[in-house]
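Novice: Take this structure first; my questions come after.
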Amino acid sequence: MSRIRSPRPACARKLDIPMGALLTLILVGVTPQASAGQANSVTFNKDIAPILQRSCQNCHRPESVAPMSLLTYQDARRYAGRIKERTQLRDKMGVMPPWFIERDIGIQDFQNDISLSEEEIAKIATWVDSGTPEGNPADLPAPLFFSAEDVWDIGTPDLIVDLPPFTMEAEAPDWWGMIPPASSGLTEDRYVAAMEVKEISDVEGGVGGKFIYHHAIIASMGGRGAGQWPVHEVGRNAEVFDPLASPLLAAGSQFLIPGVHMHSNGQRTTAYLRLGFKFHPEGYEPTRRSINLVFGNGEVDLRPMQAGQEVHIYQTLEQNMKMTTFEPHMHAAGVRMCLEAIYGGRTETLTCAGYDHNWVKVYNYAEDAQPLLPRGTLLHVTAYFDTTSDNKNVVDPRNWGGLGHRSIDNMAIVFTPGLVLNDEEFAEEVAKRRERLGLAKGDGMLGCPLCGFEALPNQR
Numbered sequence: 223m224s225r226i227r228s229p230r231p232a233c234a235r236k237l238d239i240p241m242g243a244l245l246t247l248i249l250v251g252v253t254p255q256a257s258a259g260q261a262n263s264v265t266f267n268k269d270i271a272p273i274l275q276r277s278c279q280n281c282h283r284p285e286s287v288a289p290m291s292l293l294t295y296q297d298a299r300r301y302a303g304r305i306k307e308r309t310q311l312r313d314k315m316g317v318m319p320p321w322f323i324e325r326d327i328g329i330q331d332f333q334n335d336i337s338l339s340e341e342e343i344a345k346i347a348t349w350v351d352s353g354t355p356e357g358n359p360a361d362l363p364a365p366l367f368f369s370a371e372d373v374w375d376i377g378t379p380d381l382i383v384d385l386p387p388f389t390m391e392a393e394a395p396d397w398w399g400m401i402p403p404a405s406s407g408l409t410e411d412r413y414v415a416a417m418e419v420k421e422i423s424d425v426e427g428g429v430g431g432k433f434i435y436h437h438a439i440i441a442s443m444g445g446r447g448a449g450q451w452p453v454h455e456v457g458r459n460a461e462v463f464d465p466l467a468s469p470l471l472a473a474g475s476q477f478l479i480p481g482v483h484m485h486s487n488g489q490r491t492t493a494y495l496r497l498g499f500k501f502h503p504e505g506y507e508p509t510r511r512s513i514n515l516v517f518g519n520g521e522v523d524l525r526p527m528q529a530g531q532e533v534h535i536y537q538t539l540e541q542n543m544k545m546t547t548f549e550p551h552m553h554a555a556g557v558r559m560c561l562e563a564i565y566g567g568r569t570e571t572l573t574c575a576g577y578d579h580n581w582v583k584v585y586n587y588a589e590d591a592q593p594l595l596p597r598g599t600l601l602h603v604t605a606y607f608d609t610t611s612d613n614k615n616v617v618d619p620r621n622w623g624g625l626g627h628r629s630i631d632n633m634a635i636v637f638t639p640g641l642v643l644n645d646e647e648f649a650e651e652v653a654k655r656r657e658r659l660g661l662a663k664g665d666g667m668l669g670c671p672l673c674g675f676e677a678l679p680n681q682r
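Numbering-wise (this note's numbering), the sequence shown opens with residue 223 and increments by one.
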């Protein structure tokens, strides 16, 4: 069986990272090298401000989730050392911006990718090491405008629904249960292009000390039927649905929260979830059928004080699938997850991502990077865990770790939503991919094992 993958080491490096996602850390690492010309020319106004605007300021501004603002030169200069340290973590726990896709392996094209390139990481290091020069005021881009209203990654929602609030005491055990339903207020059926969930809290602080929702299962019911929506988790970004198979939100729907897990953050906190929906234009109808493929391994047996532990998960596809999303889910001890596709004697690593339980991210593949996997494909997931004191998310590294629902327990689950395709639809998707990318006979493509065939095997 051939295997296509990068020579990347099997497990993540040990890093000393605090539990709070935005607190100061110490990194022992290597500063990217830059040429002397670059060292003399990198300034805040010309080079650093555009990076902060694109990837940082949506959170690092007043009244947002980050503990400090990075809107101005004075702001950035004050925290320059910390910015350098965090950006050099790349795909490891604690990296800023929080995006954990590994750059040296697997598919690299994703929607709404906020990560920094190696060139940008090097520019930040050079700027800090050369004394944080401000530069020519004429080079400074116009400031971004943040209104008093919420800033949404999906753009201004067409519908916003606030769920009932919940209060968690400063010192309290984890709580599981239901919260009361909320009306959508929707008077007509609409198909949803994207959905985003925000936790609105009445306390200050960063992600690790501000929020109380570990996760919330979100459903809707009413009108033409029920709907199951993406699970909200702390630090999770927006969900973009495939335009061929977007879900219906029916008129008159009530939002139900059949399962919620609350976790104390050390302060008495009242918080609620705000749901934002972006609709397709009226008249839109889906042409494909969606699936939310979720699989995991409940036999989690983690030894104390040991890095590099692995849990393996397998799932065979019974139908052709276009995978649109990769979302790893572990708990505090989790540090990395990799997804492989095995078909016809060929093994491909589709995606590897670091993991930080303070930032449970969802990665939406770009359209022409979405894996097109024939039925019979074996999906293999490797989840990596670190129970040593180097992993500061682990409360007590002396404890054995098994399956459980608390954050200090462990899980190994992957969410891979996508489209279910019959043979004709699958052949059509492969043909479109080949045409758009100009693939010739025999050309291979990561995530599409049959893209090199002019006629698919089941068509012969």
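Don't be surprised by glycine CBs; every beta carbon is placed ideally from N, CA and C.
In this text the structure is predicted, and so the values were computed from the model without any measurement.
Run the CB neighbour count on Phe367, radius 10 Å, all protein chains shown included, and call it buried at 16 or more, exposed below.
Specialist: With fewer than 16 Cβ atoms within 10 Å of its Cβ, Phe367 is classed as exposed.
Novice: Can you tell me where the beta strand (DSSP E) with Arg283 in it begins and where it stops?
Specialist: No beta strand (DSSP E) contains Arg283, which DSSP labels as neither H nor E.
Novice: How is Ala416 classed by DSSP in three states: helix, strand or coil?
Specialist: In this structure, Ala416 counts as strand in the three-state DSSP scheme.
Novice: Report the option in His436, Gly328, Pro465, Asn514 whose CA atom is closest to the CA atom of Cys670.
Specialist: Comparing Cα positions, the closest option is Gly328.
Novice: From what residue to what residue does the beta strand (DSSP E) around Asp384 run?
Specialist: Residues 381-384.
Novice: May I have the straight-line CA-CA distance separating Ile273 from Phe322, to the nearest angstrom?
Specialist: Distance between the alpha carbons of Ile273 and Phe322: 17 Å.
Novice: According to DSSP, Trp451 sits in a beta bridge with which residue or residues?
Specialist: BP columns for Trp451 point to Ile440.
Novice: Put Arg276 into one of helix, strand or coil per three-state DSSP.
Specialist: Three-state DSSP puts Arg276 in a helix.
Novice: Considering only C-alpha positions, which residue in the set Met484, Lys663, Pro508 is nearest to Leu470?
Specialist: Of the listed residues, the one whose Cα sits closest to Leu470 is Pro508.
Novice: Nearest to Leu561 by alpha carbon, out of Asp590, His579, Val516, Val522?
Specialist: The residue with the shortest Cα to Cα distance from Leu561 is Val516.
Novice: When the Cα atoms are used, what is the spatial distance from Pro289 to Arg283?
Specialist: Taking the straight line joining both Cα atoms gives about 9 Å.
Novice: How about Tyr565 and Gly598: do their beta carbons lie closer than 8 Å?
Specialist: Yes, Cβ-Cβ distance for Tyr565 and Gly598 is below 8 Å.
Novice: Mind checking whether Ala416 and Ala460 have CB atoms under 8 Å apart?
Specialist: Yes; because the gap between Cβ atoms is below 8 Å, this pair is in contact.
Novice: Would you tell me roughly how many angstroms separate the C-alpha atoms of Ala256 and Val264, rounded to the nearest one?
Specialist: In this prediction, Ala256 has a pLDDT of 42, which is less than 50 and means its spatial position is unreliable; nothing more can be read from the coordinates.
Novice: CA-CA distance, Leu643 and Thr610?
Specialist: Spanning the two alpha carbons is a distance of roughly 44 Å.
Novice: Could you have a look at Phe607 and say whether DSSP puts it in helix, strand or coil?
Specialist: Note: Phe607 maps to strand in three-state DSSP.
Novice: In whole angstroms, what is the alpha-carbon distance linking Leu672 and Pro465?
Specialist: Going by the C-alpha atoms only, they are around 23 Å apart.
Novice: Could you have a look at Arg191 and say whether DSSP puts it in helix, strand or coil?
Specialist: Outside the displayed range of the chain (223 to 682) lies residue 191, so it cannot be described from this structure.
Novice: Have a look at Ser629 and Asp396 and give me their C-alpha separation to the nearest angstrom.
Specialist: The alpha-carbon atoms of Ser629 and Asp396 are separated by roughly 9 Å.
Novice: CA-CA distance, Ile434 and Glu421?
Specialist: Answer to the nearest angstrom: the Cα atoms are 9 Å apart.
Novice: Cutting at 7 Å between CB atoms, please list the residues of its own chain near Leu678, excluding the five before and the five after it.
Specialist: Cβ within range, chain order: Ala649, Val652, Leu672.
Novice: Express the C-alpha separation of Thr546 and Phe332 in angstroms, rounding to a whole number.
Specialist: If you take the alpha carbons of Phe332 and Thr546, they lie about 10 Å apart.
Novice: Going by DSSP, what residue range makes up the beta strand (DSSP E) through Glu570?
Specialist: Start and end: 568-576.
Novice: When the Cβ atoms of the region 527-547 are set against those of the region 577-596, are three or more pairs found closer than 8 Å?
Specialist: Yes, they touch.
Novice: For Arg299 versus Thr354, is the C-beta spacing smaller than 8 Å?
Specialist: Taking 8 Å as the Cβ cut-off, Arg299 and Thr354 qualify as a contacting pair.
Novice: Under three-state DSSP, which class holds Asp523?
Specialist: Looking at Asp523 - three-state DSSP - the assignment turns out to be strand.
Novice: Let me know the secondary structure DSSP gives Ser629 once reduced to three states.
Specialist: Ser629 falls in the coil class under three-state DSSP.
Novice: If you follow the beta strand (DSSP E) that Tyr295 is in, where does it begin and where does it stop?
Specialist: From DSSP, Tyr295 is part of no beta strand (DSSP E) but of the alpha helix (DSSP H) over 295-300.
Novice: What are the boundary residues of the alpha helix (DSSP H) that includes Glu532?
Specialist: Run containing Glu532: none in the alpha helix (DSSP H); it sits in the beta strand (DSSP E), 531-538.
Novice: In this structure, what does DSSP give as the bridge partners for Ile513?
Specialist: Looking at the DSSP assignment, Ile513 forms a beta bridge with Gly640.
Novice: The beta strand (DSSP E) that contains Glu562, what's its start and end?
Specialist: Per DSSP, Glu562 belongs to the beta strand (DSSP E) from 556-565.
Novice: In or out: Ala467 buried (at least 16 other Cβ within 10 Å) or exposed?
Specialist: Ala467 is buried by the Cβ-count criterion.
Novice: Give me the DSSP bridge partner(s) of Pro483.
Specialist: It should be noted that the sequence gives His, not Pro, for residue 483. DSSP output for His483 lists Trp398, His437 as bridge partner(s).
Novice: Near Val169, what residues of its chain come up, given a Cβ to Cβ distance below 6 Å and the 5 sequence neighbours on each side ignored?
Specialist: This structure gives no information on residue 169, because the portion of the chain shown stretches from 223 to 682.
Novice: Near Phe499, which residues of its chain fall below 7 Å by C-beta distance, leaving aside the five closest residues on each side in sequence?
Specialist: Excluding positions up to five away in sequence, the list reads Pro379, Asp380, Leu381, Val414, Met417, Leu471.
Novice: So is Arg312 buried or exposed if we call it buried at 16+ other beta carbons inside 10 Å?
Specialist: Arg312 comes out buried.
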